[in-house]
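In what follows, a structure is listed as structure tokens, so that the remarks can point back to it.
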Amino acid sequence: MNHFKLVFSSYSYVLLAGIIFVCMLIPLSILSEFLFIEPFFVIHVIEDRTFGFTLLVAISFMSAVVIPMNIYRIRTLQKSTTKIGGSLLGSIIGASAGICSCGPIGFSIISTFGTVAGTATAFLTNYEIPLRLASLGLLCLVYYTTAKSISIECKIQ
1 MNHFKLVFSS
11 YSYVLLAGII
21 FVCMLIPLSI
31 LSEFLFIEPF
41 FVIHVIEDRT
51 FGFTLLVAIS
61 FMSAVVIPMN
71 IYRIRTLQKS
81 TTKIGGSLLG
91 SIIGASAGIC
101 SCGPIGFSII
111 STFGTVAGTA
121 TAFLTNYEIP
131 LRLASLGLLC
141 LVYYTTAKSI
151 SIECKIQ
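Once you know that position 72 of the sequence shown is 72 in the UniProt record's numbering, the rest is easy, because the numbers rise by one and skip nothing.
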């Protein structure tokens, strides 16, 4: 936990985490039809889609934790860029995997592109929850490796 305190002891990283959380959660909630902004601002989570909404919140939260930690790591290890690539790429892939299964609006947009897009839509519809779980698992792995890297390379005692 020392790595967590080290990174988030600075208000700039806390602010960055808050911005990332909000900037991921709101668009994903709108695309997945959990959040409506017209004609009123309404959050509506149907009982059978509660798990999907919980996964969206978890992915947004983990992205908001992992990305500032990686930025801290990049700033700390500026001279050694070869050690940086994997965890930053992992956090980007993990966050975007949660975005891939973007819900009914995304499915309808994808389906306008023909047969291949129809197949992709069927795949995303059937595997939306597993894709989000895989995304969350990848973000947890990136958190673990980044925390371990910060502890070792930044010499936390």
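We put the beta carbon where it would ideally sit given N, CA and C, even for glycine.
**OP:** Pair every Cβ in the region 18 to 26 with every Cβ in the region 44 to 55, then say whether three or more of these pairs are closer than 8 Å.
**Re:** no
Subject >> Inter-residue Cα distance where the pair is proline 27 and leucine 35 >> reply: As a position in the sequence shown, residue 27 is number 27, starting the count at 1. As a position in the sequence shown, residue 35 is number 35, starting the count at 1. Approximately 9 Å between the Cα atoms of the pair.
**OP:** Please name the residue or residues paired with valine 42 in a DSSP beta bridge.
**Re:** Residue mapping note: residue 42 aligns to position 42 of the sequence shown, counting from 1. Partner(s): Phe36.
**OP:** With DSSP as the reference, label tyrosine 72 as helix, strand or coil.
**Re:** Start at 1 with the first residue of the sequence shown, and residue 72 comes out as number 72. Three-state DSSP puts tyrosine 72 in a helix.
Subject >> Classification of proline 130 by the beta-carbon crowding that lies within 10 angstroms, buried from 16 upward >> reply: Your numbering for residue 130 matches position 130 in the sequence shown. Looking at its Cβ environment, which holds fewer than 16 other Cβ atoms inside 10 Å, proline 130 is exposed.
Subject >> Nearest-angstrom Cα separation, counted from isoleucine 43 out to phenylalanine 53 >> reply: What you label residue 53 is simply residue 53 of the sequence shown in a count that begins at 1. What you label residue 43 is simply residue 43 of the sequence shown in a count that begins at 1. Looking at the two C-alpha atoms, the distance is approximately 11 Å.
Original post:
Should glutamate 128 be labelled buried (16 or more other beta-carbon atoms within 10 Å of its own) or exposed?
Top reply: Locating residue 128 in the sequence shown gives position 128, counting from the first residue. Residue environment for glutamate 128: buried (at least 16 other C-beta atoms within 10 angstroms of its C-beta).
Original post:
Which of the three DSSP states, helix, strand or coil, is assigned to serine 9?
Top reply: Sequence index remark: in the sequence shown, residue 9 carries index 9 (1-based). Serine 9 falls in the coil class under three-state DSSP.
Subject >> Buried or exposed by the 16-neighbour rule on C-beta atoms within 10 Å, applied to leucine 15 >> reply: Against the sequence shown, residue 15 aligns to sequence position 15. Leucine 15 is exposed by the Cβ-count criterion.
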